[in-house]
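In the numbering used here, the protein residues as written are -18 to 340. For each residue, glycine too, the CB sits at the ideal point set by N, CA and C.
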Ligand code: NAI
Ligand code: MG
């Protein structure tokens, strides 16, 4: 029995629908296991711009800072597309990530047996795929100085790959901790045959390995890893890498499962964490009650596991999702011949019912 404070930011487009659906499942888990999930709502994104003239009101930020975890739907939509970049809904999200010092982005790549035909990979290869990419978020080419486009006769441009020891160490540690509650295998990805930053990265992984003797470690060059993800995806458990390589590899990993509506994510720091589906606000289907809530429901499952240490509760949700898919229920985005199409709320109710049966 525990009390957990969750900041709920529904956001724009399908955000409110999918978040409400995921809360049905969370509440059921709370009732069954005797946990008290205290939910407090805040405005973010387009809706916050409309009501408070800023994508990230101070109240929302305070709410997130006080909460044990943040659950977010999605932000943005055509209504706000013409605003200048620094006033757009997405700015709200960037602001939260920064204020909460979220330095590790977790993107799972999982292939569900019931949806295996949606994977672009051959069945035999896709089968059993279940890994997580842990991408560092605060360093690398994205923030390194000097940067810019210059002229000295001809034009030239500079970006600087920059990492400090502590930036690398904290994300590597996080990845080891995640591997520990999974299948205890860590793949560290770098380009240490060419880059000094990568040589330091590899050194620190080797040092940290001493603290996690129960975790198997492999090192791969990023170009090789990109190939291995396609050739043997089911052999990976946790992949940890820098911001730039992680950007690319996490998108590569995302397509393996074959459906955007199924992909959860987490962004973790030392004191805070934010959970959200990978997809956006899907304005084309907003308000129709047909959005797939599974990515958000699985984000809730990640929250239970990584923020609250509730591994049993988390895995019950994952199993319930799997069973509902096995039973043939689908939202329109993942439907195929012979399946039963259901709406957003119905999908969440079906998953809640399976949660109940599993307990
Ligand atoms: P999107 O992910 O919202 O939609 C892409 C396509 O996938 C659409 O056809 C949509 O209907 C479908 N889709 C997405 N999620 C779905 C779900 N749960 N169930 C069923 N179908 C789903 O990406 P798009 O269209 O590029 O962006 C739309 C808006 O979302 C933009 O304003 C964009 O800036 C914003 N966005 C926000 C993100 C966030 O809040 N983290 C991330 C990505 C985009
Ligand atoms: Mg990307």
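Taking 8 angstroms as the threshold, find out whether the region 167 to 186 comes into contact with the region 65 to 77 through three or more Cβ pairs. With the cut-off at 8 angstroms, the region 167 to 186 and the region 65 to 77 do not touch.
The ligand NAI and residue 332: does any heavy atom of the ligand fall closer than 7 angstroms to the residue's C-beta? Flag unset: Cβ of residue 332 not near the ligand NAI.
For the region 200 to 282, which segments carrying the beta strand (DSSP E) assignment without a break, of at least 3 residues, lie completely within its bounds, in sequence order? Counting only runs of 3 or more, we get 219 to 222, 245 to 249 and 254 to 258.
Let me check you understand the geometry: is the CB of residue 260 closer than 7 angstroms to at least one non-hydrogen atom of the ligand NAI? Yes, the ligand NAI has a heavy atom inside 7 angstroms of this Cβ.
Can you determine whether any heavy atom of the ligand NAI sits closer than 7 angstroms to the C-beta of residue 232, and answer yes or no? no
Exposed or buried, residue 262, counting other C-beta atoms within 10 Å across all chains shown (16 or more means buried)? buried
Pick from 91, 277 and 51: whose alpha carbon is nearest that of residue -11? 51
For residue 282, the nearest candidate out of 27, 270, 245 and 268 (CA to CA): 245
Beta-carbon separation (whole angstroms), residue 280 vs residue 256, contact threshold 8 angstroms: 4 angstroms
Would the beta-carbon of residue 314 be found less than 7 angstroms away from any heavy atom of the ligand NAI? yes
Please classify residue 299: does DSSP put it in a helix, a strand, or coil? helix
Quick check on the DSSP output: the alpha helix (DSSP H) that includes residue 157 runs from which residue to which? 146 to 161
Counting Cβ pairs, one atom from each stretch, are 3 or more of them under 8 angstroms apart for the region 139 to 146 and the region 155 to 175? With contact defined as three or more Cβ pairs closer than 8 angstroms, the region 139 to 146 and the region 155 to 175 are not in contact.
If you draw a straight line from the C-alpha of residue 185 to the C-alpha of residue 333, how long is it? 43 angstroms
Could you check if residue 194 is buried or exposed, using at least 16 other CB atoms within 10 Å of its CB as the buried criterion? The residue is exposed, with fewer than 16 neighbouring Cβ atoms inside 10 Å.
Can residue 264 be considered in contact with the ligand NAI, in the sense that its beta carbon sits closer than 7 angstroms to one or more heavy atoms? yes
Straight-line CA distance for residue 65 to residue -6? Between the alpha carbons of residue 65 and residue -6 lies a gap of roughly 20 angstroms.
Around the C-beta of residue 340, are 16 or more other C-beta atoms found within 10 angstroms, so that it is buried, or is it exposed? exposed
If I measure Cβ to Cβ from residue 16 and keep anything under 6 angstroms in the same chain, skipping five residues before and after, which residues do I get? -17
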